[in-house]
Each structure stands twice: as structure tokens, then as C-alpha cells.
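K.L.:
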Amino acid sequence: SIPALHISSAYPNPFVDGLSISVQTKIAAPLTTTVYNMKGQKVYTITHALPAGENKLQWNGLDAQGTKVPTGVYFIRVESGEDRAIAKVIRW
Numbered sequence: 086s087i088p089a090l091h092i093s094s095a096y097p098n099p100f101v102d103g104l105s106i107s108v109q110t111k112i113a114a115p116l117t118t119t120v121y122n123m124k125g126q127k128v129y130t131i132t133h134a135l136p137a138g139e140n141k142l143q144w145n146g147l148d149a150q151g152t153k154v155p156t157g158v159y160f161i162r163v164e165s166g167e168d169r170a171i172a173k174v175i176r177w
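Pasting the structure below:
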């Protein structure tokens, strides 16, 4: 069975200018998306109010200050309440 919160895809991966993240949720709820670099530093975060089902989120590869993040590995963490999911992506 599918968990209450699931990242079904993050593409393209590796990415250059932007990334599309497909997230499945069992219930409508606020969802927080946070991007971390390899050092575990938070580089970007946003909260969405999403309906239940498949949802598409976008990340343009910019940090919280609007600067393009350097090439490297990043972790996309989505969470809603006690549920969370993580995807590893590469900025090319």
C-alpha cells in the first residue's frame, strides 16, 4: 500500500534550471517542502495547501535568497504532520 505521503518522482534528475516533484497524499493537508544541501543546511522551504491525491510541485533551483544553488546533491523533504518523504536530486 502507498504511504500517507509519497514522492513518486522528481525529474529531471539531474536537473539544471528546475525540478518537478510529484507527491501523493492520502488526505488534504498543508505540506512543507524543504531542500537541504549535502551539509544538511536548509537552502529553501515553502508550505503548500494541497488536496488529496497526486500533486505536482516545482523547485526552480534557487535558494531562499533567490540565488541559483551550486551544482551538487540536494535532498527534497516533504512533510505533513507526522508523515514525511525524502528524494535525492542532483543539480547539474
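Mapping of the sequence shown onto the numbering used here: residues 86 to 177, in sequence order. Beta carbons are placed, not taken as given, at the ideal position from N, Cα and C, and that holds for glycine. Small disclaimer: the values here were computed from a predicted structure and weren't measured.
Which full runs of the beta strand (DSSP E) of 3+ residues lie inside the stretch 118-174, going along the chain?
P.N.:
For the stretch 118-174, whole beta strand (DSSP E) runs of length 3 or above, ordered along the chain, are 127-135, 138-144 and 157-165.
K.L.:
Count the other CB atoms, across all protein chains shown, that sit within 10 Å of the CB of A149; report buried if there are 16 or more and exposed otherwise.
P.N.:
Result: exposed.
K.L.:
Along the beta strand (DSSP E) that carries A95, what are the first and last residues, could you check?
P.N.:
Residues L90 to Y96.
K.L.:
With distance defined between alpha-carbon atoms, name the residue in I161, N98 and Q126 nearest to T117.
P.N.:
Minimum Cα distance to T117 is reached at I161.
K.L.:
Tell me whether the beta-carbon of A172 lies closer than 8 Å to the beta-carbon of L90.
P.N.:
No; because the gap between Cβ atoms is not below 8 Å, this pair is not in contact.
K.L.:
For V108, which beta-bridge partners are listed by DSSP?
P.N.:
For V108, which the question treats as bridged, DSSP gives the partners I92 and N140.
K.L.:
So the candidates are E164, V174 and E167; which of them puts its Cα closest to the Cα of W144?
P.N.:
It is V174.
K.L.:
Does DSSP put A113 in a helix, in a strand, or in coil?
P.N.:
Residue state, collapsed to three classes: coil.
K.L.:
So, is I112 buried or exposed, given that buried needs 16 or more other C-beta atoms within 10 angstroms?
P.N.:
The residue in question, I112, is exposed, as its Cβ has fewer than 16 Cβ neighbours within 10 Å.
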